[in-house]
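If you're matching them up, the sequences are chains A, B and C in order.
Counting from 1 along the first sequence, just add 20 to a position and that's the residue number in my numbering.
Counting from 1 along the second sequence, just add 5 to a position and that's the residue number in my numbering.
Counting from 1 along the third sequence, just add 137 to a position and that's the residue number in my numbering.
The beta-carbon is built from N, C-alpha and C at its ideal position, and this holds for glycine as well.
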Amino acid sequence: MGLINFVIRRLVFQIFVLFGVLVITFFISHVVPGDPALLLAGPRASPEIVAKLRRDLGLDQPLHKQFVLYLSSLAKGDLGTSVLTRRPVTRDIAERFPATFELVTFAMLIVVLVGIPLGVASAVYKERWVDHLCRVVGIAGASTPIFWLGLFIIFLFYTRLGWLPSGGRIGTEVEPPIKITGLYIVDSIITGNWGALKSSIEHLVLPVFVLSFASMASILRLVRACMLEILGQDYIRSALAKGLPERRVIFVHGLRNALLPAVTILGVTYGELLQGAVVTETIFAWPGMARYAVSSMTYLDYPAIMGLTLVSAVIYTLINLLVDILYGVIDPRVRYD
Amino acid sequence: MINIDHIKEFQKVFLWLTSRPLFLGGLVVVLAVCIIAVIAPLIAPYDPIKIDLPNRLQPPSSAHLLGTDHLGRDLLSRLLYGTRVSMLVGVIIALMSAVVGGSLGLVAGFFGRMVDNILMRLCDMFFAFPPLILAMAIAASLGPSLQNTMLALVIVWWPRYARLARSQVLVLRELDYVQAAKAAGAGQVRIIMRHVFPNALSPVLIQTTLDVGQAILMAASLGFLGFGAQPPTPEWGLMASEGRVYMREFWWYPTFPSLMILLTVLGFNLLGDGLRDVLDPRQRGRFIKIRV
Amino acid sequence: MGKWFVWIAVILFITGFLGYAKPPVDVLIFGSTVEAETLDPHDTVDNFAWRAIYYCYDRLVKFKDGTTEVEPSLAESWEISENGQTYTFHLRQGINFIDGVPFNAEAVAYSFKRLILLGRPASGTVEGILDVDGIEVVDEYTIRFHLNFPFVPFLGSLATNQASIVSPGIEQYSKGDYAAAWLAEHSAGTGPFYVKEWRRGDVIILGRNEGYWGTKPFLREIHIRYIPEAAVLRELLEKGEVDMGEVLTDDQLDALAKVSGVRIFEAPSFAVCRLYLNCSKPPLSDVRVRQAISYAIDYDGIIYAVTKGHAVQMRGPIPQGMWGHDPTVFQYKRDLAKARQLLAEAGYPTGFKINMLIDPGIAAWVDIATIVQANLAEVGINVEIVGYARPTMRAMIDRGEHEISIGYWTPDYPDPDMFAWYWFYSANRGLGGNRSFYSNPRMDELAVGQRAEPDPEKRLEMLKELQKIAVEDAVYVYLYQSTYRTAMREWVKGYVYNPMLLYMPNFDQIYKDYQG
């Protein structure tokens, strides 16, 4: 009972937060000292054309009216029409979302699958060179500017070695798999399209590597810290004294308990990855949402900026909600906060 | 006069430092960067914004130790001056966020109830945004410039410090000696300043150190995307961005600024990590709850 | 341990299957660092969008091969009235649009009405020249245009992308917007290609129109891939993964020229770069100040550093190679002494402070601004570079808030009117074209007069005088006229350059030959 209550309360609360997000977003994109009607109108447009565009976009209304209009269309699931592409923002985002999702999720997988073992190794061999190496690698990842790393990796693996492609999600000679989820890897497996699968994986390797490398540090550090704490505990020592094999003790008893709090950092990491995607998608010509964010902001496409900020805030909120719920599950004390 | 006690002290410190190589490394790098930032005008061989068109894109040579950029400006000088820019940016952002957020958090934690509630809701609203996206949106709206980028990042980061400070206060508030001080009739402000504040400081300090590095990295990323420092400012992210099309033939042009970013951020990260180990090893558990 | 083996196996699997297969010889892969925003020909004035659109449609006339002359396309013949105000076109018969709707005068009328009524930037081409009630359907295959005045370059303007003939069949998709939303991502023309698929942010795929009325193109498919990072596009071109690529920097193109298998094409173009000097704001309102600035600029240095020598300094406002250009008009050269003298005469012996507004997203503009800043500093003028995102910058220019600013300009139709009228007519102040907010009654007379003057001799005289005043009054700083450069693999053949079709290669004639 306590848990359900807790979840509902968190949900309601997050909705309230989202409203605040809407206000903030709207405010930001309208403080702009520019005029999107003018941008759209092009170099040789007459004042009449510009005025008409301004009316079309609803920009001639007072601010509060625009906000109300925005809210009511939001209720209908309409995020407005992009000033640049003239299409509904919802469609623009929906088209690009799977690409970003695929990139970020696979990067997440790598971060977890590589970060956790490294964190364990770091803890087990504490203060020895393995530990130092892992920590430095992790921290180096967190300190590297992604833009340079991406370009360098392309230069190394594509230009010099020719091992892996750069740019795009799939090779030009291959048809993308039939769209079921929008994730090329998943769709090609489902439809048995092995050519597309191979090409998609090839194109995924470099961007995923670059993206995950930058976010390795947090998980590594956390797993290490938790493992250290647990390994220092009495019950571990007694298990070892009893003669249980060291490996079993570390993995079964130690790691399992360390993983629980590690789960909570997944939210943070996913957020970091989403942001790293902004630069990664630009460098690797990945047709995702994050890069669309850059072009929308560069061209002050209000509806797109607001839509994107809102969508990413929603995603973040969902992640935080999940993290909160996980906390509630793990630590019952939190439910009565 | 130096006597044996001084030497013993020095030995102790020396051993202590060398037993923590990462912390030492971070400290050295940060100090070096700070020193460079201060003496840059003295050691830079050229004016960082002086153009010299006939000498564009020169490789590293005795005349230009790190080569020149596409307008003939000396890269070494630009890198050195860029240190000032980045340090300024990083420190201001981290400090301002810490001060603004920290004070608000202190207040919230101490006075509780309404104030706490409102503040925490506000924090949550800002937490809902991915920092980079929000920073981009703000920088785009107000106009791309270094100042606006700094403003944007402070707006995005202050909530973390508020949370941090608040949770510290909540714990400390209940401690015996604070209760005792209250019972003895000490004023609120006095209690805050003398008891709560100093103890809340250490996690904030650690976070600030780490954040200087993160701020530099973020500002560089924003500069790279076009939302941060504007030309001809010698900012590392902007330099890497201007140089990125020259990666093939003139690799030094985007690489050296990127390496400077890497080194500097690395230094701050190591230092912050080391501080965390040093100041309060048990505190590690606390950081888990920090939100995105 | 087992885990590591799995990883190694995966990596081997991936790397083991390398090797990039060349696309089929009838599929062209084109890499672009700029993405189109919309494919509606009656909407956009962006050359990069035109690249995808142009060959999906036909127009009444077309440019003859690589020249700026027009020849029949959808119109077989035409007559122009004595007073130059009425154009009658006789249309080709037996053609269908890609959606099956027959091509006839009604379709042409629909197209032009749509262009005007939609009111998007593209309609600027006919603004004030042709109105809806000036369009007359004479019979099924004859259409007549009654212009508001005898606009001399009208025929040339009919070959532009904006004058594309669109099928009336799109109305079924209309939501009260003349089907604008639908046409933004589809095509509905009579052209040799059509829009097969558009994966946003990724690639536009054009397919061959198998029922095309003219010569069928060799290419079956064209993939226009969006590669935002120029450094990456360069790699793709060098590896042969793309067949043609734009826009690359001059440094990159110079490097690519040395790569075997890659060919760089260059030719003079009418694309120009100029600085705007806001004549409505002191001290720029003083002609001597503007002249001083014109003398202080290091034109050669800019051309060297920014275009690597692939440009020529402008000589007056009308580009060289275009009819009407006066090769004898004065050209400013760097002369610091003269500049200082003029400044002193104008009352600014110690110089002054001034802004230069740019869009920092365009690397060339940043560089030019930096160089200009250094140049003007030498005569005491302190330039502060102010950067704003493009929409903001354009809004500011439209309101005349700038002092110095910068812009590129390419003519849509091959006529000096594109410069003379747009740049100097006082009513065009702002984004319309007169970005120096220049106002001179004599210039107005000339600018408006020349576009309606049917006698070429007289027109030439007017243009000559216009150019003289334009340079003497230093209305703009006429920086350079670019050489158009583009890169392609050597197996791409049949490319023909047309100065009116910048960034729009002739897809209808290009073919690939892997052997030759």
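Amino acids of chain A, ordered along the chain, whose beta-carbon sits closer than 9 Å to that of residue i
i: Glu383/C; result: The premise fails here: Glu383/C is roughly 15 Å from chain A at the closest Cβ pair, so nothing lies under 9 Å.
Beta-carbon neighbours of residue i, restricted to chain A and to distances below 7 Å
i: Ala103/B; result: By Cβ distance, chain A contributes nothing, its closest Cβ being about 19 Å from Ala103/B, past 7 Å.
i: Thr373/C; result: Sequence inspection shows Leu at residue 373/C; the Thr mentioned does not correspond to that position. Gly187, listed in chain order.
i: Glu366/C; result: Thr302, Ile303, Ala305
Neighbouring residues, chain E, relative to residue i (Cβ below 8 Å)
i: Leu171/A; result: Given the protein chain composition of this structure (A, B and C), no chain E is represented.
Residues bridged to residue i [DSSP beta-bridge criterion]
i: Ile681/C; result: Chain C is shown from 138 up to 653; residue 681/C falls before or after that span and cannot be answered.
i: Asp276/C; result: Thr279/C
i: Tyr545/C; result: Cys410/C
i: Lys649/C; result: Val629/C
i: Arg336/C; result: Val340/C
i: Ile522/C; result: Met493/C
i: Val207/C; result: Phe200/C
i: Glu383/C; result: Ser169/C
i: Asp79/B; result: Thr73/B
Residue i classed as buried or exposed, judged by whether at least 16 other C-beta atoms fall within 10 angstroms
i: Thr238/B; result: buried
i: Val183/C; result: Here residue 183/C turns out to be Asp, not Val, going by the sequence shown. Buried: at least 16 other Cβ atoms inside 10 Å.
i: Asp592/C; result: exposed
i: Pro307/A; result: buried
i: Gln16/B; result: exposed
i: Met108/C; result: This structure cannot settle anything about residue 108/C, because the visible part of chain C is limited to 138 through 653.
i: His223/A; result: buried
i: Val375/C; result: As written in the sequence, residue 375/C is Glu, which differs from the Val given in the question. Buried.
i: Tyr255/A; result: exposed
i: Trp214/A; result: exposed
i: Ser218/C; result: exposed
i: Glu216/C; result: exposed
i: Gly153/C; result: Low confidence applies here, because Gly153/C scores a pLDDT of 46, under 50, leaving its location unreliable; read the following figure in that light. Exposed is the call here.
i: Lys649/C; result: buried
i: Gly156/C; result: Note that Gly156/C has pLDDT 49, beneath the 50 cutoff, so the model's placement of it is unreliable and no number is given.
i: Asp80/A; result: exposed
Partners in chain C for residue i, counting only beta-carbon separations shorter than 8 Å
i: Thr105/A; result: Glu174, Thr175, Ala321, Arg337
i: Ala145/B; result: Ala526
Per-residue contacts from residue i into chain B (C-beta, under 7 Å)
i: Val503/C; result: Pro236
Where residue i meets chain B, residues with beta-carbon distance less than 9 Å
i: Thr164/A; result: Leu222, Ser263, Ile266, Leu267, Val270, Leu271
i: Tyr441/C; result: Leu58, Pro59, Arg61
i: Gly438/C; result: Ile56, Leu58, Pro59
Where residue i meets chain C, residues with beta-carbon distance less than 7 Å
i: Tyr178/A; result: Glu372
i: Tyr204/A; result: Those within 7 Å of Tyr204/A in chain C number zero; the least Cβ separation is about 11 Å.
Contacts that residue i makes with chain C (C-beta to C-beta distance below 9 Å)
i: Ile69/A; result: Gly256, Arg257, Pro258, Ser260, Gly261, Glu264
*At which residue ranges does the stretch 219–277 of chain B contain complete alpha helix (DSSP H) runs of 4 or more residues, listed in the order of the chain?*
Runs found: 241–248.
*asked:* When you compare the stretch 165–172 of chain C with the stretch 363–370 of chain C, are there three or more beta-carbon pairs, one atom per stretch, that lie closer than 8 Å?
replied: They touch, by the three-pair rule.
*Is the number of C-beta pairs between the stretch 414–430 of chain C and the stretch 467–484 of chain C that are closer than 8 Å three or more?*
Yes, the stretch 414–430 of chain C is in contact with the stretch 467–484 of chain C.
*alpha helix (DSSP H) runs contained entirely in the stretch 450–517 of chain C, provided each spans 4 or more residues*: Taken in chain order, the complete alpha helix (DSSP H) segments of 4 residues or longer contained in the stretch 450–517 of chain C are 473–483, 500–514.
*Determine, using beta-carbon pairs with one atom in the stretch 601–610 of chain C and one in the stretch 466–481 of chain C, whether at least three such pairs fall under 8 Å.*
Output reads yes: the stretch 466–481 of chain C touches the stretch 601–610 of chain C.
*Quick check: the stretch 505–522 of chain C against the stretch 429–439 of chain C, are there 3 or more CB pairs under 8 Å?*
Counting Cβ pairs under 8 Å, three or more are found: they touch.
*Three CB pairs or more closer than 8 Å across the stretch 242–250 of chain C and the stretch 612–621 of chain C*: Cβ pair count under 8 Å is below three, so no.
*asked:* Is it the case that the stretch 490–503 of chain C contacts the stretch 522–532 of chain C, given that we only count it when at least three CB pairs across the two stretches are under 8 Å?
replied: With the rule of 3 Cβ pairs closer than 8 Å, the stretch 522–532 of chain C counts as touching the stretch 490–503 of chain C.
*Can at least three beta-carbon pairs, one atom from the stretch 309–324 of chain A and one from the stretch 99–119 of chain A, be found at a separation below 8 Å?*
Yes, the stretch 309–324 of chain A touches the stretch 99–119 of chain A.
_In chain order, what are the residue ranges of uninterrupted alpha helix (DSSP H) at least 4 long that sit wholly in the stretch 354–378 of chain C?_
Segments of the alpha helix (DSSP H) lying fully in the stretch 354–378 of chain C: 367–376.
*asked:* Taking 8 Å as the cut-off, does the stretch 619–636 of chain C touch the stretch 389–400 of chain C (at least 3 CB pairs, one atom from each stretch)?
replied: Note that the stretch 389–400 of chain C touches the stretch 619–636 of chain C; at least 3 beta-carbon pairs, one per stretch, sit closer than 8 Å.
_Any 3 or more C-beta pairs closer than 8 Å across the stretch 96–109 of chain B and the stretch 65–85 of chain B_ = Contact fails: fewer than three Cβ-Cβ distances are below 8 Å.
*Inside the stretch 260–340 of chain A only - alpha helix (DSSP H) runs reaching at least 4 residues*: Within the stretch 260–340 of chain A, the complete alpha helix (DSSP H) runs of at least 4 residues are 276–303, 309–318.
*Between the stretch 90–104 of chain A and the stretch 318–327 of chain A, do three or more beta carbon pairs fall short of 8 Å?*
Touching, per the Cβ criterion.
*Residue ranges of each alpha helix (DSSP H) within the stretch 16–76 of chain B, 4 or longer*: Listed in chain order, they are 26–48.
_For the stretch 121–138 of chain A against the stretch 237–252 of chain A, do three or more pairs of beta-carbon atoms, one drawn from each stretch, fall closer than 8 Å, so that the two count as touching?_
As far as the Cβ criterion goes, the stretch 121–138 of chain A touches the stretch 237–252 of chain A, which means the pair count is three or higher.
_Contact the stretch 56–65 of chain B vs the stretch 238–257 of chain B: 3+ CB pairs below 8 Å_ = In short, these stretches touch, since the Cβ pair count reaches three.
_If contact is defined by three or more beta carbon pairs under 8 Å, each pair taking one atom from either stretch, is the stretch 339–356 of chain C in contact with the stretch 171–178 of chain A?_
Here the stretch 171–178 of chain A makes no contact with the stretch 339–356 of chain C; the two share fewer than three CB pairs at distances below 8 Å.
_Please give the ranges of any alpha helix (DSSP H) in the stretch 104–146 of chain B, keeping only runs that are unbroken, at least 4 residues long and fully inside the region._
Those alpha helix (DSSP H) runs which fall completely within the stretch 104–146 of chain B and span 4+ residues are 118–132.
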